[in-house]
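Right, one structure below, let's go through it.
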DNA sequence: TTGAAAGCGCTAACAG
DNA sequence: CTGTTAGCGCTTTCAA
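Residue numbers (the working numbering), protein chains in the order written: chain A, 877 to 1206; chain B, 877 to 1206.
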């Protein structure tokens, strides 16, 4: 199958150690020899076997990026951020998608570790990481996104509580009193914190939190649609606004509301979270809490890179600021 | 850093070859020994080093998937298809995003080959693959998506010509005569074929193809917006419908039209291509040519898998059928 | 400046 | 059933 160092050494009439040195740019090689070797290697189309390199150098120049849902544009946006930061430093990133499934998450983690990635960036599906216990000791350096951790790992988080608080407060300022919370994966950090922000805003404005109007399921459009549909059917429906924990959910909520022939925002106002690209479409114009997605990815890689280079452990948490983008659904 | 076979061999008091056998499920190991070994390995949290395994077995149980734009939901949908098919067969997939950049594409290809992936699935940015010449000989088996190739590789394609033809014919049947074509990356197969389908439909209906109304740029929203904006500004604007080569483009086109206070579909009708999730939102309701995205991914992997297993080379091309989904923009 | 040789962690003959 | 050993492709001492 593949061309090895030996092949090109034979062709060049030198030992393969010399070829190795020439190709990896060691200084102690005769310039002429080096040039000759490089030329031959190119002509023959030699590609070093990164596997073997990794085996001896104990580094693979790859990182793993685990995300829960590639079909939610929020995550691809982050992925682009890490990918580009990584490529700049010569790292390849392996993107893995878990569908919010703990088992798949575990499986990928295993694979990635076995593949000896140098580092890991995770946006875990769940706050509990007991299923990830085994990695604690033997895994490579890692950075979490949107997940608070209590050990020595770093995490990049958005101030979810604040974002949610702003969103709900905005609704309250618009005169809404009966505001629903529609959330995603119950135990995810994102969900828990955004719910907290919601409650905080309600309480500080002396508004009651009615549990009939606090519902959660998955972070996707179907869930939003389904939950809203059910609420709308409730006997004494009286909601005038909903804060949904991400934009995909919001899109589902909107759909359900439309089907009831209610008007947005006149009858029901909506605020989302994330500010995915599609939230700004002229037909959608979703009011939402914006996160610096691309930047989060970039920072995540940069922090990871520092760790790999053994630099100071830095801050444990990097907290980014959300910002409310007011459009036409509120 | 890591725990090796030897460590657990020492602990178990056997040779490390035995450990290897026990753990990889060879039959010729004493049941009791095997159980003991497995227990110890688990307790110690042993993870085999896939790098080393790959080195000796010359297979890595990984495949590479290269896509041009992770932020266009079309590709994540395909990605999910391959990922899930892959995981079912015990393969991990490494997703790489090129941003339609040939150099990045080349770079990833290199990395992936160096990492000894067992196979490759590509949705190339460009019809020309001269920049990929070097892989022809030494690369692992590969499958192309949406790209016609003339060598021995397989490719999964949608009948783009037919899809485009249907789309345009639908517009013609609605009475439109002045129909624009707004395309993406000029040299991509998708663009070229969809353009061909457009022309074919026009010609077969005795409608002239006006080059002022055949424009292309990138396969994204901004391009669609920009091109449409320009057309709208043209002195003798007379278009009544546009066929855009993908949905992202269509979204941009819609936005431009909206800003001109024209009505869709009354003043201008629009048909897209792909049927991404967002095309079906109630606010969008984009008429579009639907592709079986998830399925394409699945098939791509399955075909690749057959190749890996050395099974018959099968068909060179697998052509899938598009289907026009008529919604409210036409 | 170069070659010889050890060894990274593992699998797969080959013996026993 | 289990141990010994060669070798996957490469980098890196150590000598020459």
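Quick reminder that beta carbons are idealized off the backbone N, C-alpha and C, glycines included.
Model, not experiment: these values are computed from the prediction.
Item	Value
Counterpart residues of residue 1163 of chain B in DSSP-defined beta bridges	B:1147
One or two residues paired with residue 1057 of chain B in a DSSP bridge	B:1090 and B:1119
Inter-residue Cα distance where the pair is residue 965 of chain B and residue 901 of chain A	40 Å
Residue 909 of chain A to residue 897 of chain B span [Cα, whole Å]	45 Å
Nearest-angstrom Cβ-Cβ length linking residue 939 of chain A and residue 995 of chain A, presumed shorter than 8 Å	5 Å
Residues bridged to residue 1102 of chain A (per DSSP)	None; residue 1102 of chain A has no bridge partner.
Contacts of residue 1160 of chain A in chain B (Cβ-Cβ under 7 Å)	1159
Touch test, the stretch 1152-1172 of chain A against the stretch 1116-1135 of chain A, Cβ-Cβ under 8 Å, three pairs minimum	yes
Span separating the alpha-carbon of residue 1182 of chain A from that of residue 1110 of chain A	53 Å
Local Cβ density within 10 Å of residue 932 of chain B, reported as buried at 16 or more and exposed below that	exposed
Cβ-based burial, residue 1138 of chain A [other Cβ within 10 Å; buried from 16]	exposed
Opposing strand residues paired with residue 1030 of chain A [DSSP bridges]	A:1019
Exposed unless 16 or more other CB atoms sit within 10 angstroms - verdict on residue 1063 of chain A	exposed
Range covered by the beta strand (DSSP E) that runs through residue 973 of chain B	968-973
Span of the alpha helix (DSSP H), counted from its first residue to its last, around residue 884 of chain A	881-888
Interface residues of chain B facing residue 930 of chain A [CB-CB closer than 8 Å]	927
Limits of the beta strand (DSSP E) - the one that residue 943 of chain A falls within	938-943
Three or more C-beta pairs below 8 Å linking the stretch 965-980 of chain A and the stretch 878-891 of chain B	no
Euclidean distance between Cα positions of residue 992 of chain B and residue 927 of chain A	7 Å
Own chain partners of residue 913 of chain A with C-beta closer than 6 Å, once the 5 adjacent residues on each side are dropped	888, 895 and 898
Cβ separation of residue 1118 of chain A and residue 1073 of chain A, assumed to be a contact under 8 Å, to the nearest whole Å	That belief does not hold up - the Cβ atoms of residue 1118 of chain A and residue 1073 of chain A are roughly 14 Å apart, past 8 Å.
Simplified DSSP state of residue 1110 of chain A, which is helix, strand or coil	coil
Residue-chain proximity (residue 1130 of chain A, chain B), Cβ-Cβ < 9 Å	yes
Contact with chain B by residue 946 of chain A, beta-carbon distance below 9 Å	yes
8 Å CB neighbourhood of residue 920 of chain A in its chain, flanking five on each side removed	879, 883, 884 and 887
Continuous beta strand (DSSP E) stretch holding residue 997 of chain B: start and end	995-998
Three-state secondary structure (DSSP) of residue 1180 of chain B	helix
Test: residue 939 of chain A CB closer than 9 Å to a CB of chain B	no
Members of the stretch 1061-1095 of chain A near chain B, C-beta cut-off 7 Å	none
Beta-carbon contacts of residue 1166 of chain B that lie in its chain and below 7 Å, excluding the five residues immediately before and after	1151, 1198, 1199 and 1201
Closest Cα partner of residue 856 of chain B within the set B:1054, B:1145, B:960 and B:934	Residue 856 of chain B lies beyond the stretch modelled for chain B, which goes from 877 to 1206, so this question has no answer here.
According to DSSP, residues forming a beta bridge with residue 1129 of chain A	According to DSSP, residue 1129 of chain A bridges with nothing at all.
Beta carbon proximity, residue 973 of chain A to chain B, threshold 9 Å	yes
Spatial neighbours of residue 1075 of chain A in its chain, beta-carbon cut-off 6 Å, leaving aside the 5 residues before and after	1085
Beta bridge counterpart(s) of residue 1199 of chain A as assigned by DSSP	A:1166
Contacting positions in the stretch 955-966 of chain A - beta carbon closer than 8 Å to chain B	955, 956, 959 and 963
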